[in-house]
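A.B. asks: In terms of numbering that gives the first Met the number 0, the sequence shown opens at residue 0 and continues consecutively. Note that the Cβ used here is the ideal one computed from N, Cα and C, for glycine as well. Sharing a structure below in structure tokens format, with a few things to ask.
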Amino acid sequence: MPDLLLGQTLTFTDDPFLSGPDAAQHERNGAVLIDGGRIQAVGPADVLRAQHPQATIHNYGSALISPGFIDAHAHYPQTGIIASWGKRLIDWLDTYTFPEESRFGDPAHAARAAETCLDLMLAQGTTTVCSFCTIHPESVDALFSAAQARGMRVLGGKTCMDRNAPDTLRDTAQAAYDQSKALLNRWHGVDRLSYVITPRFAPTSTPDQLAALGALWAEHPSVLMQTHLSEQHEEIAWVGDLFPQARDYLDVYESFGLLGRKALFGHAIHLTARERARLREVGAALVHCPTSNAFIGSGLFDMAGLKAEGQRVALATDIGGGSSFSMLRTMAAAYEIGQLGGTALHPAQLWWLATAGSAQALGLGDTIGTLRPGIEADLAIINLASTPAIAQRAARADNFWEALFPTLMMGDDRAITATWVAGKPTRPSLL
Ligand code: GUN
Ligand code: ZN
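Okay, structure coming up:
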């Protein structure tokens, strides 16, 4: 039996950074028809109601039916240390992150963290996350099992490190290769899950380990590879010391076979002109993590400049360097960072980044992230008047974008009326 969801609808036919706000399609009295876990039709409510009288109606009134949010870079094992005070990247990793990640060899701890993280994300309207795990294969099993139990499309991989990390968090070049390969074979393409080859970042891998993961990627060129690039100046200087022969940070990855169109580089803030040109040439994706970049004090991502030169960009929370599970809050932070850089990003651009843009960066643009027949039915239903402060501002709006922007800037999980995953409404327990 099909379901027919009624409300305002918002989706994109193109990238609004290229085509402007007209790339967005908004329907005030819209409808989305779902059957078999996929979107079957999108259009005016009266038309779809007349065409599908047998469908079960879910009338969301004036709420917005959006593609579910897509968080293109997060660390689910850092759920428990989100909002830890007072450090910058390297100290933050040593003080908070590594001790917590050391606990993920315990499958029960890993399962609890994965379940908590995914439930928090669902409560925020996020239906897909691309997550780092820890060095422990158990941490990958925990993430994918929790995603499977929720029917979610989730991507992730074992975070490989064989130097500059505590004993409890180091593997070897061979173990990174063997375990990543075994996990890839176990999970990639099972249900809605995708394995991602995951060297943490250049400083925590020896040349041998980077080469081993480059070789694994060459054997499996259809999978994604995720890592970090040029987040803080101290980190970049450290990479220069560790890899003196490299032209720059990106060159380290390239020299070990870790650069390609299916590469995802988290942060990518302090890039040289050569790195930008090379990233553009290859078509790798850059992942903007605005709450994290502010929280850890990393710097201002050049969204306007990077998009104008044709880079592929996604948006992400970077939990737990990021300070919020909410992609609404993440869009707000991206807006604020844009303002600090001199550009007011349009709400259409921000919403695109959190949905279709991130889907495209993950190679899933024909699978999730838009409202279109054949796309998987992962949806966020958003109340555009969820708090008194938002409601009184939205009530004065002259157009749809003005009505949406207060929720984008001030909204949180109270704005998420429902989250649909693979054609089913979910109400995750947060206990
Ligand atoms: N660089 C290497 N590892 C990490 C991490 O866990 N979080 C962030 N924000 N940056 C990193
Ligand atoms: Zn990260």
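(1) At 4 residues or longer, what runs of the alpha helix (DSSP H) sit wholly inside the segment 123-165?
(2) Taking its Cβ as the centre, do 16 or more other Cβ atoms sit within 10 Å of Leu339, making it buried, or is it exposed?
(3) Buried or exposed, going by whether 16 or more other CB atoms sit within 10 Å of the CB of Val189?
(4) Any heavy atom of the ligand ZN within a distance shorter than 7 Å of the CB on Asp93?
(5) For the alpha helix (DSSP H) holding Met409, just list the boundary residues, first then last.
(6) Alpha carbon to alpha carbon, how far is Phe324 from Thr386? Give it in angstroms, no decimals.
(7) Should Phe103 and Ser138 be called a contact, given that it needs their Cβ atoms to be closer than 8 Å?
(8) Checking 8 Å against the spacing of the C-beta atoms, do Leu370 and Val31 come in under that value?
(9) Have a look at Gly337 and Pro289 and give me their C-alpha separation to the nearest angstrom.
(10) Could you give the distance in angstroms between the alpha-carbon of Thr115 and the alpha-carbon of Ala141?
(11) According to the Cβ coordinates, are Leu154 and Leu361 closer than 8 Å?
(12) By DSSP's criteria, Ala40 is part of a beta bridge. Which residues make up the other side?
(13) What residues sit near the ligand ZN, counting only those whose C-beta is closer than 5 Å to one of its heavy atoms, in chain order?
(14) DSSP state of Thr416, grouped into three classes?
(15) Report buried or exposed for Leu349, applying the criterion of at least 16 other Cβ atoms within 10 angstroms of its Cβ.
(16) Leaving aside the five residues before and after Trp237 along the sequence, list all residues of the same chain whose C-beta is less than 7 Å from its C-beta, in chain order.
(17) State yes or no: is the C-beta of Arg162 nearer than 7 Å to some heavy atom of the ligand GUN?
(18) So, does the segment 19-28 touch the segment 71-84, judging by three or more C-beta pairs under 8 Å?
(19) Which one or two residues does DSSP pair with Ala284 in a beta bridge?
(20) Indicate the three-state DSSP secondary structure (helix, strand or coil) for Asn382 in the structure shown.
(21) Does the structure place the segment 268-281 close enough to the segment 235-249 that three or more beta carbon pairs sit under 8 Å?
(22) Quick one: grab the DSSP three-state call for Leu339.
(23) If we count Cβ pairs, one from each stretch, closer than 8 Å, do we get three or more for the segment 92-103 versus the segment 164-176?
(24) Taking the beta strand (DSSP E) that Asp2 falls in, what are its first and last residues?
(25) How many whole angstroms separate the CB atoms of Gly67 and Thr418, which I take to be in contact at a CB cut-off of 8 Å?
(26) Check whether the Cβ of Arg199 lies closer than 7 Å to any heavy atom of the ligand GUN, and answer yes or no.
(27) Output the distance between the C-alpha atoms of His219 and Phe404, rounded to the nearest integer angstrom.
(28) Around the Cβ of Phe16, are there at least 16 other Cβ atoms within 10 angstroms (buried) or fewer (exposed)?
(29) Specify the secondary structure class of Lys86 as computed by DSSP and reduced to three states.
(30) Taking C-beta to C-beta, are Arg37 and Glu375 nearer than 8 Å?
C.D. replies: This is what the structure holds:
(1) The DSSP assignment places 136-149 as complete runs of the alpha helix (DSSP H) inside the segment 123-165, in order along the chain (cut-off: 4 residues).
(2) Sequence index remark: in the sequence shown, residue 339 carries index 340 (1-based). Looking at its Cβ environment, which holds fewer than 16 other Cβ atoms inside 10 Å, Leu339 is exposed.
(3) Residue mapping note: residue 189 aligns to position 190 of the sequence shown, counting from 1. So Val189 ends up on the exposed side.
(4) Within the sequence shown, numbered from 1, the residue matching residue 93 stands at position 94. Not so, every heavy atom of the ligand ZN lies at least 7 Å from the Cβ.
(5) Within the sequence shown, the letter at position 410 stands for residue 409. Taken as a continuous stretch (DSSP letters only), the alpha helix (DSSP H) holding Met409 covers Phe399 to Met409.
(6) By one-based count along the sequence shown, residue 386 stands at place 387. By one-based count along the sequence shown, residue 324 stands at place 325. Straight-line spacing of the CA atoms in Thr386 and Phe324 works out to 19 Å.
(7) As a working note, residue 103 is residue 104 in the sequence shown. As a working note, residue 138 is residue 139 in the sequence shown. In contact: Phe103 and Ser138 (Cβ atoms closer than 8 Å).
(8) Translated into the one-based positions of the sequence shown, residue 370 becomes position 371. Translated into the one-based positions of the sequence shown, residue 31 becomes position 32. In this structure, Leu370 places its C-beta atom within 8 Å of the C-beta atom of Val31.
(9) In the sequence shown, the residue the question calls residue 337 occupies position 338. In the sequence shown, the residue the question calls residue 289 occupies position 290. Using only the alpha carbons, I get a separation of about 10 Å.
(10) For the purposes of this step, residue 115 is taken as residue 116 along the sequence shown, with counting starting at 1. For the purposes of this step, residue 141 is taken as residue 142 along the sequence shown, with counting starting at 1. Spanning the two alpha carbons is a distance of roughly 11 Å.
(11) Position 155 of the sequence shown, counted from the start, is the residue given in the question as residue 154. Position 362 of the sequence shown, counted from the start, is the residue given in the question as residue 361. By the CB criterion at 8 Å, Leu154 and Leu361 fall inside the cutoff.
(12) Sequence index remark: in the sequence shown, residue 40 carries index 41 (1-based). According to DSSP, which records beta bridges pairwise, Ala40 is partnered with Leu32.
(13) Cβ atoms closer than 5 Å to the ligand ZN belong to Gly265 and Asp317.
(14) Numbered from 1 along the sequence shown, position 417 holds the residue referred to as residue 416. Strand, per DSSP.
(15) Working through the sequence shown from its first residue, we reach residue 349 at position 350. Looking at its Cβ environment, which holds 16 or more other Cβ atoms inside 10 Å, Leu349 is buried.
(16) Taking the first residue of the sequence shown as 1, we reach residue 237 at position 238. Pro202, listed in sequence order.
(17) Numbered from 1 along the sequence shown, position 163 holds the residue referred to as residue 162. For the ligand GUN, not one heavy atom lies less than 7 Å from the Cβ of Arg162.
(18) No, the segment 19-28 is not in contact with the segment 71-84.
(19) Numbered from 1 along the sequence shown, position 285 holds the residue referred to as residue 284. Per DSSP, Leu263 and Arg311.
(20) For the purposes of this step, residue 382 is taken as the residue at position 383 of the sequence shown. Correct three-state label for Asn382: coil.
(21) Between the segment 235-249 and the segment 268-281 there are three or more C-beta pairs closer than 8 Å, enough to call the two in contact.
(22) Here residue 339 is taken as the residue at index 340 of the sequence shown, counted from 1. Helix.
(23) Counting C-beta pairs with one atom in each stretch, the segment 92-103 and the segment 164-176 have three or more that are closer than 8 Å, which means they touch.
(24) One-based indexing of the sequence shown puts residue 2 at position 3. Element bounds for Asp2: Asp2 to Phe11.
(25) Counted from its first residue, the sequence shown places residue 67 at position 68. Counted from its first residue, the sequence shown places residue 418 at position 419. About 6 Å separates the beta carbons of Gly67 and Thr418, which is inside the 8 Å limit, making them a contact pair.
(26) Within the sequence shown, residue 199 is the residue found at index 200, counting from 1. Here the distance from the Cβ of Arg199 to the nearest heavy atom of the ligand GUN is below 7 Å.
(27) Start at 1 with the first residue of the sequence shown, and residue 219 comes out as number 220. Start at 1 with the first residue of the sequence shown, and residue 404 comes out as number 405. Their backbone Cα atoms lie some 42 Å apart in a straight line.
(28) Locating residue 16 in the sequence shown gives position 17, where the first residue counts as 1. Buried: at least 16 other Cβ atoms inside 10 Å.
(29) Here the question's residue 86 lines up with position 87 in the sequence shown. For Lys86, the three-state secondary structure derived from DSSP is coil.
(30) The residue labelled residue 37 in the question sits at position 38 within the sequence shown. The residue labelled residue 375 in the question sits at position 376 within the sequence shown. A Cβ-Cβ contact shorter than 8 Å links Arg37 with Glu375.
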